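J.:
Protein chains: 2
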Amino acid sequence: MALAIKVNEETFTPRQQAVLTAALDLLVENGDGLTMTAVARRASCSKETLYKWFGDRDGLLTATVQWQAAKVRMPFVDRSHLNVKALRISLEAFARDLLTTIIGEVSITLNRTAITHAAQEKDSLGTIVLENGPLAIRRRLKPILEAARDARLLRFPSSEDAYRTFFGLVVRDVQIRLLLGDKALTQSNAEANIEDDVKVATDQFLALYGTKAAN
Amino acid sequence: MALAIKVNEETFTPRQQAVLTAALDLLVENGDGLTMTAVARRASCSKETLYKWFGDRDGLLTATVQWQAAKVRMPFVDRSHLNVKALRISLEAFARDLLTTIIGEVSITLNRTAITHAAQEKDSLGTIVLENGPLAIRRRLKPILEAARDARLLRFPSSEDAYRTFFGLVVRDVQIRLLLGDKALTQSNAEANIEDDVKVATDQFLALYGTKAAN
DNA sequence: GCGCTGGCGTACCGTGCGGTACGGTTAGAG
DNA sequence: CTCTAACCGTACCGCACGGTACGCCAGCGC
């Protein structure tokens with residue numbers, strides 16, 4: 001019931017946001033240790049209020065994920081005058097944003113939660129994360145790519161494929177390894193290399209899809 | 001206690017393998033519906049036997065994942081005479097294997113289970129899946145890449161980076177979307193495009209890292 | 001036949017957690 | 001001041017599940 005996906009900006013009162021923050025903190029620091037009692041204690045509110053506001057546990061979880069996922073910032077790209085330099089800067093901005101987001105503890109937690117949720121015929125959280133993660137990037141990136149194609153800077157048969165290749169070049173195996181808890185890939189370690197990785201990925205993407213004009 | 005990672009080939013009796021099969025089936029068809037009672041009923045054995053054989057729930061889970069993950073087949077590649085054609089075939093074999101594995105329901109379930117597990121300061125399952133998934137591919141692919149470099153067919157500064165780029169080009173956003181339960185990307189849909197994707201990814205990889213001799 | 005061992009089925013226990021009920025307290029409206 | 005409504009804290013219920021105990025039935029050595 002309370003699982004309907006609310007795309008509209010559900011405005012939460014400050015008190016409710018405090019509750020959601022508490023829930024998110026618990027989620028991050030304790031994995032799935034999100035018990036209603038724990039949230040109530042952390043947020044200094046009563047369980048009854050939680051149920052009144054969010055319906056049930058899934059409602060609280062959904063609200064938390066939804067509220068947090070919507071916060072993912074997105075680089076603004078000036079699409080009006082596209083040249084080689086501007087395109088490269090835009091692509092690097094997207095790559096940097098994607099990487100820093102994915103590496104963040106909040107993102108890891110949200111993805112893990114959604115995946116766990118998806119393992120039980122419940123796909124609402126997965127849809128939310130998907131919608132605010134990869135698909136949001138795609139929505140923002142595709143117009144840029146197509147504009148660049150129109151400007152003869154890029155060449156590709158399908159902007160969908162181009163986007164997905166970009167995603168692959170940037171993310172590689174970082175996300176799955178972090179989700180699986182690979183200790184050989186600590187955040188600090190991954191974080192240090194972001195700038196290099198961003199540059200390499202952008203170069204590779206341009207090498208694959210750039211026209212002569214783009215080099 | 002029972003969580004120690006057993007790298008050696010723990011031989012299970014046929015009866016025990018039947019139990020593990022039942023557990024895996026339950027895991028696949030019902031997500032985390034893996035209750036000890038359900039496994040016992042499905043495998044027609046007693047809970048007491050389960051506890052005697054596997055220690056506790058985590059032990060059963062670990063044994064199941066370990067046992068199944070070790071089954072991931074790996075393409076054999078003849079490293080003796082490497083030429084352009086052989087290299088391409090090898091890379092395509094790896095890509096095809098990686099994609100078919102990742103798309104499979106068993107792999108999705110195992111990864112979801114391990115990720116859920118990793119969300120609770122338990123990384124043993126994640127380590128197992130990682131070791132038998134991406135890292136296994138890496139172990140097998142790196143020598144090929146290095147041999148190709150020695151044969152002047154490929155050029156890269158670091159075989160690690162080359163491997164990870166290959167992984168990204170092949171997997172792109174398929175795995176994370178499947179893990180999140182993206183319904184727009186059903187297995188059948190993804191399965192139909194495997195051959196095309198394999199070819200494209202290999203072409204792209206060779207375009208990025210191949211020497212002139214490789215084209 | 002007789003006892004012993006291994007494993008099946010089931011009943012049982014304890015606990016943790018989702019969800020509810022209720023009394024007490026604050027804050028604002030009139 | 002009083003009434004009301006929102007909300008806190010806490011006690012409580014029910015259930016599901018992990019884990020254990022026990023009764024029973026093979027099969028097998030002697």
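If you're matching them up, the sequences are chains A and B in order.
Everything in the first sequence is counted per full-length UniProt numbering, starting at 1 for the first residue and increasing by one.
Everything in the second sequence is counted per full-length UniProt numbering, starting at 1 for the first residue and increasing by one.
No residue lacks a Cβ here, since even glycine has one placed at the ideal position from N, Cα and C.
Just so we're clear, the structure is a prediction, and the values are computed from it rather than from any experiment.
1. Which residues, in order along the segment 144–172 of chain A, keep a beta-carbon less than 8 Å from a beta-carbon of chain B?
2. Give me whichever residues DSSP pairs with G210 (chain A) in a beta bridge.
3. Spell out a yes or no on whether the segment 45–53 of chain A and the segment 109–128 of chain A are touching, meaning 3 or more CB-CB pairs, one atom from each, closer than 8 Å.
4. Of all the options A:A190, A:H117, A:E160, A:A151, which has the alpha carbon lying nearest to the alpha carbon of L135 (chain A)?
5. Quick one: what does DSSP say N8 (chain A) is sitting in, helix, strand or coil?
6. I'd like to know if T64 (chain B) contacts chain A, where contact means its C-beta is closer than 8 Å to some C-beta of that chain.
7. Check the Cβ-Cβ distances between K183 (chain B) and every residue of chain A, and say whether any is below 8 Å.
8. Flag this pair as yes or no: are the beta carbons of L91 (chain A) and T202 (chain A) separated by less than 8 Å?
9. Considering only C-alpha positions, which residue in the set B:G104, B:R88, B:D56, B:C45 is nearest to Y209 (chain B)?
10. Consult DSSP for R57 (chain A) and reduce its assignment to one of helix, strand or coil.
11. Tell me the DSSP secondary structure of S124 (chain A) in three-state form.
12. Looking at the structure shown, is P134 (chain A) part of a helix, part of a strand, or coil, going by DSSP?
13. Residues of chain A with CB closer than 9 Å to the CB of F123 (chain B), please, in chain order.
14. Quick check: the Cα distance between V72 (chain A) and L82 (chain B), rounded to an integer number of angstroms?
15. Throw me the rounded Cβ distance for the V171 (chain B) and L180 (chain A) pair, which I believe falls under 8 Å.
16. Run down chain B in chain order and give the residues with a C-beta less than 8 Å from the C-beta of R112 (chain A).
17. Under a CB-based cut-off of 8 Å, is Q16 (chain A) close to chain B?
18. Beta-carbon within less than 6 Å of G126 (chain A)'s beta-carbon, same chain only, minus the 5 sequence neighbours each way: which residues are those?
19. Do L141 (chain B) and A148 (chain B) have their CB atoms nearer than 8 Å?
20. Let me see if you follow: with CB-CB separation under 8 Å, is G126 (chain B) close to chain A or not?
21. Would A86 (chain B) count as contacting chain A if we go by Cβ distances under 8 Å?
22. Rounded C-beta distance between A23 (chain A) and L60 (chain A)? I'm assuming under 8 Å.
23. Going along chain B, which residues have a C-beta under 8 Å from R177 (chain A)?
24. Name, going along the chain, the residues of the segment 22–55 of chain B whose beta-carbon falls closer than 7 Å to a beta-carbon of chain A.
25. Could you work out which residues of chain B lie near residue 222 (chain A), taking near to mean beta carbons separated by less than 8 Å?
26. Look at the alpha carbon of M74 (chain A) and the alpha carbon of R41 (chain B), and state the distance between them as a whole number of angstroms.
27. By the three-class DSSP mapping on this structure, what secondary structure does F205 (chain B) have?
28. With a cut-off of 8 Å, does the C-beta of Q68 (chain A) fall near any C-beta of chain B?
29. Can you name, in chain order, every residue of its own chain whose Cβ lies under 7 Å from the Cβ of N111 (chain A), other than the five neighbours on each side?
30. Is it buried or exposed, A69 (chain A), if we count other Cβ atoms within 10 angstroms and call 16 or more buried?
31. Tell me the rounded alpha-carbon separation between L145 (chain A) and R177 (chain A).
32. Rounded to the nearest angstrom, how far is the Cβ of G168 (chain B) from that of D173 (chain A), given a contact under 8 Å?
33. Just tell me which of A:T186, A:G31, A:A162, A:Q16 has its CA closest to the CA of Q204 (chain B).
34. Taking L208 (chain B) as the query, report the chain A residues whose CB atoms sit under 8 Å from its CB, ordered along the chain.
35. Grouping DSSP H, G and I as helix and E and B as strand, with all else coil, what is P143 (chain A)?
T.: Here's the rundown:
1. Taking a C-beta cut-off of 8 Å against chain B, the contacting residues of the segment 144–172 of chain A are D161, R164, T165, F167, G168, L169, V170, V171, R172, listed in chain order.
2. Within the first sequence, the letter at position 210 stands for residue 210 (chain A). G210 (chain A) is bridged to A:L154.
3. no
4. Numbered from its first residue, the first sequence carries residue 135 (chain A) at position 135. Of the listed residues, the one whose Cα sits closest to L135 (chain A) is A:E160.
5. Indexing the first sequence from 1 puts residue 8 (chain A) at position 8. Because the pLDDT of N8 (chain A) is 41, which lies under 50, any placement of that residue in the model is unreliable, and the number read from its coordinates should be weighed accordingly. N8 (chain A): coil per DSSP, three-state reduction.
6. As a working mapping, residue 64 (chain B) is identified with position 64 in the second sequence. No - not a single Cβ of chain A is within 8 Å of the one on T64 (chain B).
7. Counting from 1 along the second sequence, the entry for residue 183 (chain B) is found at position 183. For K183 (chain B), the answer is yes, since a Cβ of chain A falls inside 8 Å of its Cβ.
8. Here residue 91 (chain A) refers to the residue found at position 91 when the first sequence is read from its first residue. Here residue 202 (chain A) refers to the residue found at position 202 when the first sequence is read from its first residue. Yes.
9. Within the second sequence, residue 209 (chain B) is the residue found at index 209, counting from 1. The shortest C-alpha separation from Y209 (chain B) is found at B:R88.
10. Working through the first sequence from its first residue, we reach residue 57 (chain A) at position 57. Helix at R57 (chain A).
11. To locate residue 124 (chain A), count along the first sequence from 1; it is residue 124. Three-state DSSP puts S124 (chain A) in a helix.
12. Residue numbering aside, residue 134 (chain A) sits at position 134 when the first sequence is read from its first letter. Three-state DSSP puts P134 (chain A) in a helix.
13. Mapped onto the second sequence, residue 123 (chain B) falls at position 123. Before going further, note that residue 123 (chain B) is Asp rather than Phe in the sequence given. Within chain A, the residues near D123 (chain B) are L180, G181, D182, K183.
14. Here residue 72 (chain A) is taken as the residue at index 72 of the first sequence, counted from 1. Here residue 82 (chain B) is taken as the residue at index 82 of the second sequence, counted from 1. Spanning the two alpha carbons is a distance of roughly 46 Å.
15. Taking the first residue of the second sequence as 1, we reach residue 171 (chain B) at position 171. Taking the first residue of the first sequence as 1, we reach residue 180 (chain A) at position 180. In fact, because the Cβ distance is near 14 Å, the residues do not count as touching under 8 Å.
16. If you number the first sequence from 1, residue 112 (chain A) lands on position 112. I115, T116, A118, A119, listed in chain order.
17. Against the first sequence, residue 16 (chain A) aligns to sequence position 16. No Cβ of chain B is located within less than 8 Å of the beta carbon of Q16 (chain A).
18. The count along the first sequence starts at 1 and reaches residue 126 (chain A) at position 126. Correct list, in chain order: A114, A118.
19. Position 141 of the second sequence, counting from 1, holds the residue named residue 141 (chain B). Position 148 of the second sequence, counting from 1, holds the residue named residue 148 (chain B). Contact: no.
20. Stepping through the second sequence from its first residue, residue 126 (chain B) is reached at position 126. G126 (chain B) counts as touching chain A.
21. Position 86 of the second sequence, counted from the start, is the residue given in the question as residue 86 (chain B). Output row for A86 (chain B): interface = no.
22. One-based indexing of the first sequence puts residue 23 (chain A) at position 23. One-based indexing of the first sequence puts residue 60 (chain A) at position 60. Right, the Cβ-Cβ distance comes to about 6 Å (below 8 Å), so this counts as a contact.
23. Residue numbering aside, residue 177 (chain A) sits at position 177 when the first sequence is read from its first letter. Neighbours of R177 (chain A) on chain B, chain order: L130, P134.
24. G31, D32
25. Look at the range of chain A in this structure, 1 to 215, and you will see that residue 222 (chain A) is not part of it.
26. The count along the first sequence starts at 1 and reaches residue 74 (chain A) at position 74. The count along the second sequence starts at 1 and reaches residue 41 (chain B) at position 41. Roughly 50 Å between the two C-alpha positions.
27. Locating residue 205 (chain B) in the second sequence gives position 205, counting from the first residue. Correct three-state label for F205 (chain B): helix.
28. By 1-based counting over the first sequence, the position of residue 68 (chain A) is 68. Answer no: the Cβ-Cβ gap between Q68 (chain A) and chain B never drops below 8 Å.
29. Walking along the first sequence from the start, residue 111 (chain A) turns up at place 111. Around N111 (chain A): V129, L179.
30. Position 69 of the first sequence, counting from 1, holds the residue named residue 69 (chain A). Its Cβ being crowded by 16 or more others within 10 Å, A69 (chain A) is buried.
31. Sequence index remark: in the first sequence, residue 145 (chain A) carries index 145 (1-based). Sequence index remark: in the first sequence, residue 177 (chain A) carries index 177 (1-based). Distance between the alpha carbons of L145 (chain A) and R177 (chain A): 28 Å.
32. Taking the first residue of the second sequence as 1, we reach residue 168 (chain B) at position 168. Taking the first residue of the first sequence as 1, we reach residue 173 (chain A) at position 173. Contact flag correct, Cβ pair sits at about 7 Å.
33. By 1-based counting over the second sequence, the position of residue 204 (chain B) is 204. For the residues A:T186, A:G31, A:A162, A:Q16, the minimum Cα distance to Q204 (chain B) belongs to A:A162.
34. Reading the second sequence from its first residue, position 208 is the one you call residue 208 (chain B). Result: Q204, A207, L208.
35. Walking along the first sequence from the start, residue 143 (chain A) turns up at place 143. Judged by DSSP in its simplified three-state form, P143 (chain A) adopts helix.
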